[in-house]
Amino acid sequence: MTPEPGTAAPLALTPELREAVRTIASTDQLLVAMDFDGTMAPIVPHADDARPLPRAAAAFAGLAALPRTTTALISGRALASLRGVASPPAESLLIGSHGAEAWLGPGSAGLELDEDQRTLLAEVRGVLAEIAGEAPGTMLEDKPAGVVLHTRQAADDVAEDAVAAARSLLEDRKGVFLKNGKRVLETSVVHASKGEAVAFLRQAAGATAVLFAGDDTTDEDAFARLGPGDVGVKVGLDFTQAQYRVEAPVHVAELLEALLAARSSAVGGRDGTPAG
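Dropping the structure here:
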């Protein structure tokens, strides 16, 4: 029987992952950083329809309310899109556009491109628009520092040809940065990565340990920046550098619930009173 979305699934977290969760929960300053699409939320045909699984959202909000615990979302989405679909807790830090955009609270400066970058971005969009116009099922998504070529609705051969064409025209262009994702090609005129985002958030939060979960190839940059005492969790069955793996977003909800229980026991409630 297939479980309803957001309910318990037959596959449980491995004993090794549960032990890692218990261990990291006792760190002094914990950073819980999560990818969104495919991690907190199932992948859907239309990006605007994505929503976090209720259990995952509730556990994430619970962690955000705990003392000495910082939550963050690190996404390829633009910040405005991420806020719209994720409805994150007010306390959570946000990284958008694979690290090109950051929000650390009121007063955070927005992303500003210089004139050369704006000109280059317009040129990149023109190239991708021409390709998308000839590739049925593909579409473009504009971001503050880049343009995304989406191919999820295209036939496999059309998608492959569109991405190959875009790469052949853009990969050697100075100042343009390309990233492959799941049925997307990300372009940007700002160099950024989720690995740099994890390092930035670790410093901003003063974290003594980091738990990061993600499903996409772009999340591998983040896994590569984790160190001893950190926990990396790959969502899905693709190759990964992460130490641990779960199969689907429903298991991410289970992971966050286990972490919330362990962290609550370690640090207590908002006032820091130990659980007892």
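Position 41 (the sequence shown) corresponds to 41 in our numbering; numbering is contiguous.
Cβ atoms here follow ideal geometry from the backbone N, Cα and C, with glycine treated the same way.
Everything numeric in this text was worked out from a predicted model, so none of it was measured.
- Nearest neighbour of Asp219 by Cα position, chosen from Ala209, Ala162, Phe36, turns out to be Phe36.
- For Lys194, there is no enclosing beta strand (DSSP E); the residue is part of the alpha helix (DSSP H) that begins and ends at 194-205.
- The count of Cβ pairs closer than 8 Å, one atom from the region 251-270 and one from the region 56-72, reaches three, so the stretches are in contact.
- Beta bridge pairing from DSSP links Leu140 with Leu149.
- Exclusion of the five residues before and after Ala224 leaves Gly195, Gln241 as the residues of its chain whose Cβ lies within less than 7 Å of its Cβ.
- Per DSSP, Gly96 lies in no alpha helix (DSSP H); the unbroken beta strand (DSSP E) holding it starts and ends at 93-96.
- A contact is defined here as three or more CB-CB pairs under 8 Å, and the region 98-113 fails this definition with respect to the region 133-141.
- With respect to Leu30, Ala207 sits close: the two C-beta atoms are nearer than 8 Å.
- If you check the CB distance, Leu79 and Gly96 come in under 8 Å.
- For Glu123, the closest alpha carbon among the candidates Asp157, Lys174, Val163, Ile74 is that of Lys174.
- A Cβ-Cβ separation of about 7 Å places Ala222 in contact with Ala197 under the 8 Å criterion.
- Shown here, Ser75 sits in coil according to DSSP, grouped into three states, outside any helix or strand.
- About 22 Å separates the beta carbons of Ser26 and Ala204, which is beyond the 8 Å limit, so they are not a contact pair.
- Going by DSSP, Thr119 is part of the alpha helix (DSSP H) stretching over 115-133.
- With distances taken between CA atoms, Phe177 lies nearest to Ala192 out of Ala192, Val163, Val184, Arg183.
- A straight line joining the alpha-carbon of Arg152 with that of Leu17 spans about 32 Å.
- Straight-line spacing of the CA atoms in Ala162 and Ser264 works out to 48 Å.
- DSSP lists Glu186 as the bridge partner or partners of Lys179.
- The alpha helix (DSSP H) runs lying completely inside the region 201-259 and spanning 4 residues or more are 220-224, given in chain order.
- Contact between Ala159 and Arg125 does not hold, since their C-beta atoms are separated by about 19 Å, which reaches or exceeds 8 Å.
- By the neighbour-count criterion, in which 16 or more other beta carbons inside 10 Å mark a residue as buried, Thr14 falls on the exposed side.
- Looking from the CA of Met40, the closest CA among Thr23, Ala72, Pro67 belongs to Ala72.
- Of Phe239, Arg202, Glu247, Tyr244, the smallest CA-CA separation from Thr70 is found for Arg202.
- Assignment of Val44 by DSSP, reduced to helix, strand and coil, places it in the coil class.
- Under the criterion of beta carbons closer than 8 Å, Ser188 and Ala102 do not qualify as touching, at roughly 14 Å.
- For Leu256, the CB contacts under 6 Å within the same chain, skipping 5 residues up- and downstream, are Ala56, Ala59, Phe60 in chain order.
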